[in-house]
Amino acid sequence: MSLPEVEGLSSSDVIESTMIPPMISLIFYGGYIVLYGICIHVIVKQRRTNYIINDIIITILFNVVTGGLVSIMVNCFLQAKCDLAQSPIHECQVLDHSELEGTMFTTQVTIVIANIITDGILIWRCYLIWNQKWSIIAPLIFICVANNGALSVGFFFVPSAIVVVSHTQITMEGIFFISFVMGGILTNVSLTLLIAGRIIYISHGIKNFSTSSAQKMYQTIISATLESGLLYPFILVLYGSVTISHHLSKDAQTERQLFVAAGVLYSVLLPVMGIASTLIIVRIMLGIAVEDKKSIRDTALVEIGEQSV
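Residue numbers (my numbering): 19 to 327.
As structure tokens, then:
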């Protein structure tokens, strides 16, 4: 297995490239912790259909995200030790390669598991909102299984596949992981558009009860955004774009900036997956998720009753 070499960096460069990404991911993780706590409270309090299953799924996802972020933190610390020693990784005497490989592999596994859970939640949401039409989600299920399955198998042949952003040329590992990112973008963007489009279509066919057209538009946008998991594919698209731009860049300064940007986006992928999935579960458990025209009417009638009290 070959690891990317790291050119000589100043102390400030090391801090910027290895410390800033995990620090920003901790901010996202803090928000995720709060949202997870709210979700568990809502699930236990509402006790809707399949609430135990939702509780198990959301708890597994939380533990996976937490484990992944811990491995990212350890990996960044090990990388920083080597960078501060001003030595290429494969020659670094202060670096335990087995520890580095272990944290990299752990991160890879957690990303795949979290991605599978997130895709599963989005596919199930899409299935329900499209009146349980298998013809709508079958192609996306195939792409999702093929994408995650290929990467999982690839881990045993290319353990460092996650290291896409290196200071050198594109490696086979990088190409392999970029392919996974592109597949993830295709799956998640398609699911997001299908869910958001369906919500907008359903909302458009409902007569106003008491809300103004502007307020109804805002409610539709909020529902479409939260229930389609828009945040995750948005970050995924940014990450893929920045990663490819980094490899195509010829300017050293621009390359370093893109390297840091890609590191930040990569480090927040896990908490963003958790946030997007948890928001969907919370809305379903609260009974405010858009399922069909009847669900919107019921929600509107509840709002009217609350306003008249």
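Every residue, glycine too, gets a C-beta built ideally from N, C-alpha and C.
Please read these numbers as outputs of a predicted model, since none were measured by experiment.
Residue of L297, L304, G258 and M303 minimising C-alpha distance to F80: L297
Residue closest to I61, alpha-carbon to alpha-carbon, out of I76, V52, V207 and S285: I76
Integer Cβ distance of C94 from P40, believed to fall under 8 Å: 5 Å
Three-state secondary structure (DSSP) of Q150: coil
Opening and closing residue of the alpha helix (DSSP H) in which R274 lies: A270 to L304
Collapsed DSSP secondary structure at S267 in the structure displayed: coil
Environment of V163 [buried if 16+ CB atoms lie within 10 Å]: exposed
Chain C contact for V290 (CB, 8 Å cutoff): Among the chains of the structure shown, chain C does not appear; only one protein chain is present.
Test item: CB-CB of G258 and I203 under 8 Å: yes
Spatial neighbours of G292 in its chain, beta-carbon cut-off 6 Å, leaving aside the 5 residues before and after: Y50, L79 and V83
Best match in L248, G86 and Q126 for proximity to A294 [C-alpha to C-alpha]: L248
Cβ-based neighbour list, I38, same chain, cut-off 6 Å, excluding 5 preceding and 5 following: none
Length of the line joining the Cα atoms of T136 and T205: 11 Å
Check whether I141 and I155 have beta carbons under 8 Å apart: yes
N- and C-terminal bounds of the alpha helix (DSSP H) containing L248: Looking at the DSSP string, L248 is not in any alpha helix (DSSP H), and its letter there is neither H nor E.
Where the alpha helix (DSSP H) through M37 begins and ends: Run containing M37: none; DSSP gives neither H nor E here.
Alpha carbon of C346 to alpha carbon of Y47, nearest angstrom: Since the displayed the chain opens at 19 and closes at 327, residue 346 lies outside it and no answer follows.
Helix, strand or coil at L209 according to DSSP, with G and I counted as helix: helix
Per-residue DSSP class, three states only, for R143: helix
Spatially closest choice to L209 from I262, N165, I218 and C144, by CA coordinates: C144
8 Å Cβ cutoff met for L287 and V260: no
Status (buried if at least 16 other CB within 10 Å, exposed otherwise) for Y17: Given a span of 19 to 327 for the chain in the structure shown, any question on residue 17 remains unanswerable.
Residues near I129 in its chain [Cβ-Cβ closer than 8 Å; skip 5 each side]: G86, I180, L287 and L288
Nearest-angstrom Cβ-Cβ length linking L254 and H264, presumed shorter than 8 Å: Contact flag wrong, Cβ pair sits at about 16 Å.
Cβ-based burial, T36 [other Cβ within 10 Å; buried from 16]: buried
Buried versus exposed call for T121 [16 or more other C-beta atoms within 10 Å across all chains shown]: buried
CB of Y250 within 8 Å of CB of V290, strictly: yes
C-alpha gap between A214 and M303, whole angstroms: 19 Å
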